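Here the structure comes first, spelled out in structure tokens, and everything after it is commentary.
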Ligand SMILES: Cc1cc2nc3c(=O)[nH]c(=O)nc-3n(C[C@H](O)[C@H](O)[C@H](O)COP(=O)(O)OP(=O)(O)OC[C@H]3O[C@@H](n4cnc5c(N)ncnc54)[C@H](O)[C@@H]3O)c2cc1C
């Protein structure tokens, strides 16, 4: 059965970085979904219906108000159009879609993202921390300090949960950055503490996802324990 189509009205937009914003939409009826799933968001652009996939960042408890973290691409089609709509404007949302979700809660949970790829991982790791007690790590790569999305929220989770480890990695660091530098792939092996007791979740664009998967396999993870959300 095809997922349901909803009419969604823009509630608010909050800028998270120079090119990423958090969009909140009110749906015309409730949607049940799992952390990690995505929707297809459609808009009419120059007489053509354009659809793109967006991961749901907000909690599954909020079934009528969905939040998305979206990078606005200068040369893109849908993301700039979305960035120009006003409060109360309507878009079409169909979903939920996807099988990228938490599994094997007894294992160490290693989440790996680049940029906006953190979008589906944030609700997944929050749900895990709220309901389970195993170790959770987020290896999160981004370019500049400004691109450290959800920094406050992630640091608050760090203070709240002793079983949570946050490993930010900056590829174009400022002089004041004292954390890890470069790309996440380099730090994958260091964060697999026991390959027989780890499940990994990767989200990002194709090249990053494939490189990280390779690094995880080299670190001893079995391919069945590597879950991937490949944005192409
Ligand atoms: C399952 C899934 C979930 C997704 N979730 C999100 C999400 O939560 N947030 C989000 O911002 N995007 C997400 N995406 C990507 C999103 O669907 C669109 O591809 C993206 O917003 C670009 O659409 P556009 O119409 O603006 O650009 P398009 O006109 O489709 O693309 C313009 C050009 O930009 C390239 N491009 C696409 N994405 C990026 C990028 N991130 N950085 C640099 N170049 C890019 C394309 O390859 C193309 O060359 C997801 C994709 C998938 C498959």
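In the numbering used here, the protein residues as written are 16 to 247.
The beta-carbon is built from N, C-alpha and C at its ideal position, and this holds for glycine as well.
Being a predicted model, the structure only gives us computed values, none of them experimental.
- DSSP, reduced to helix, strand and coil, places residue 176 outside both helices and strands of the structure shown, so it counts as coil.
- Residue pairing of residue 215 in beta bridges, as defined by DSSP: 125 and 241.
- The closest heavy atom of ligand 1 lies less than 8 Å from the beta carbon of residue 94.
- As DSSP reads the structure, residue 95 sits in no beta bridge.
- Rounded to the nearest angstrom, the gap between the Cα atoms of residue 68 and residue 56 is 6 Å.
- The nearest non-hydrogen atom of ligand 1 is less than 8 Å from the C-beta of residue 131.
- Residue 32 and residue 211 have their C-alpha atoms roughly 37 Å apart.
- Not one heavy atom of ligand 1 sits closer than 8 Å to the Cβ of residue 23.
- Pairing residue 165 with residue 137 gives a Cβ-Cβ distance under 9 Å.
- The residue among 79, 77 and 73 with its C-alpha nearest the C-alpha of residue 85 is 73.
- In the structure shown, the three-state DSSP call for residue 20 is strand.
- Less than 9 Å divides the Cβ of residue 92 from the Cβ of residue 60.
- Contact between residue 182 and residue 152 holds, with the beta-carbon distance rounding to 6 Å and staying under 8 Å.
- Distance between residue 197 and residue 186, taken at the CA atoms: about 4 Å.
- The alpha carbon of residue 50 has as its nearest neighbour, out of 213, 174, 208 and 83, the alpha carbon of 83.
- Residue range 151–157 is occupied by the beta strand (DSSP E) that includes residue 154.
- As a beta-bridge residue in DSSP terms, residue 39 pairs with 27 and 82.
- Under the criterion of beta carbons closer than 8 Å, residue 135 and residue 115 qualify as touching, at roughly 6 Å.
- Residue range 221–233 is occupied by the alpha helix (DSSP H) that includes residue 227.
- Per DSSP, residue 204 is not a residue of any beta strand (DSSP E), being assigned neither H nor E.
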